[in-house]
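Data block below; observations after.
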Amino acid sequence: TLRWGIMARFHANMRVSWTALLVLGYFLYLLVGATIFQILERAAESQNRNHFQLEKLTFLKNYSCLDGPALERFVQVILDAWEKGVNPSGNSTNPSNWDFSSSFFFAGTVITTIGYGNLSPSTVSGQVFCVFYALCGIPLNLAFLNQLGKGLTAHLGRLERSVLTAGRHEQTVKVLAMSSFLVMGTLLFLVFPPVIFSYVEGWSYGEGFYYAFITLSTIGFGDYVVGTDPDKHYISIYRSLAGVWIIFGLAWLALLFNLGASVME
């Protein structure tokens, strides 16, 4: 009995150590990716932004003698600027899309496969790194979410057992536990965040909720993305915090979908 008790404690400690190691490795991977993306892309972004501003000034200077081809060229410059992550309505003093917080957020959208599409590497080195970063990061993300899901399931199981000891009916306990999990997760990941997005981004609550669901379901249209309005001044860690919300929200939503699928089966 003593032997089995020691072995059980050993396996429990191993599970805790593996979870802690996976969490540490996951966030370390995001931090390393954010740093490298920032190094590779920020200088190119600055050059693109300065080039666009020069083209805009030239256009305004020659506006009095504007002709069709000149207008077409300027429209093309605007499209090129947008594709390279430079907002045409901004100016060269706007915050970089490749500061550390934004780079961390981008790294998270890569390995979670959300891929908003509003920002992507424009340099060859950045594109090559992005490919290999995704190849390693996507399996890591799946393992991380799986481990988080197991942790949430374990907590749910403990909640069920604690209620069962009070003499409740097993089926009733399961329904109550799943309902509590659903309500708490919905409040934490889908109901409260849109309030913050509405305040910070100036969206309606409906737009914030739409963004939250489209993001956490990894659909990621890119029509709404936090921290991209050039007319707003965001705190430096705003997008990093949004990235953390995405990571834990994905774990909750993935487990919720799995529970729903098991119920339907």
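All residue numbers for the sequence shown refer to the working numbering, where the first residue is 13 and numbers rise by one. All C-beta atoms, glycine included, are put in the ideal place defined by N, C-alpha and C.
In the structure shown, residue 243 falls within a coil segment according to DSSP collapsed to helix, strand and coil.
Our two residues, residue 68 and residue 86, have alpha carbons roughly 8 Å apart in a direct line. Here DSSP, grouped into helix, strand and coil, assigns residue 184 to helix. DSSP places residue 122 inside the alpha helix (DSSP H), whose first and last residues are 112 to 123.
Using a Cβ-Cβ distance cut-off of 8 Å, the segment 237 to 244 and the segment 202 to 216 are in contact, since at least three pairs of beta carbons, one from each stretch, lie closer than that value. Cβ neighbours of residue 225 within its own chain (closer than 7 Å, five residues either side excluded): 202.
Cα atoms of residue 260 and residue 253: separation of roughly 11 Å, rounded to the nearest angstrom. 228 is the residue among 250, 228, 57 whose C-alpha sits nearest the C-alpha of residue 157.
Ranked by Cα distance from residue 236, the options 130, 184, 163, 199 are led by 130. When Cβ pairs closer than 8 Å are counted between the two stretches, the segment 162 to 173 is seen not to touch the segment 133 to 148, the count staying below three. Beyond the five residues adjoining it in sequence on each side, residue 160 comes within less than 6 Å, by CB distance, of 263 in the same chain, given in chain order. Its Cα nearest to that of residue 126, the residue 258 stands out among 258, 63, 269.
With contact defined as three or more Cβ pairs closer than 8 Å, the segment 61 to 75 and the segment 113 to 123 are not in contact. Annotation: residue 49 to residue 234 spans about 20 Å, alpha carbon to alpha carbon.
Residue environment analysis places residue 110 among the buried positions, since at least 16 neighbouring C-beta atoms fall within 10 angstroms of its C-beta. The Cβ-Cβ distance between residue 193 and residue 164 falls below 9 Å. Exposed is the label assigned to residue 37, since fewer than 16 other Cβ atoms lie within 10 Å of its Cβ.
Closest by C-alpha distance to residue 266, out of 153, 40, 96, is 153. Residue 195 and residue 120 have their alpha carbons spaced roughly 26 Å apart. Counting only the Cα atoms, residue 155 lies some 11 Å from residue 162. The Cβ atoms of residue 98 and residue 57 lie closer than 9 Å to each other.
The Cβ neighbour count for residue 42, taken over all protein chains shown within 10 Å, is at least 16; the residue is labelled buried.
No residue range can be given for residue 128, since it is assigned to no alpha helix (DSSP H) and is classified by DSSP as neither H nor E.
Distance from the CA atom of residue 108 to the CA atom of residue 54, rounded to whole angstroms, is 7 Å. In this structure, DSSP gives residue 135 a state outside helix and strand, which the three-state scheme calls coil.
The distance from the Cβ of residue 232 to that of residue 75 is about 38 Å, inconsistent with a contact at the 8 Å cut-off.
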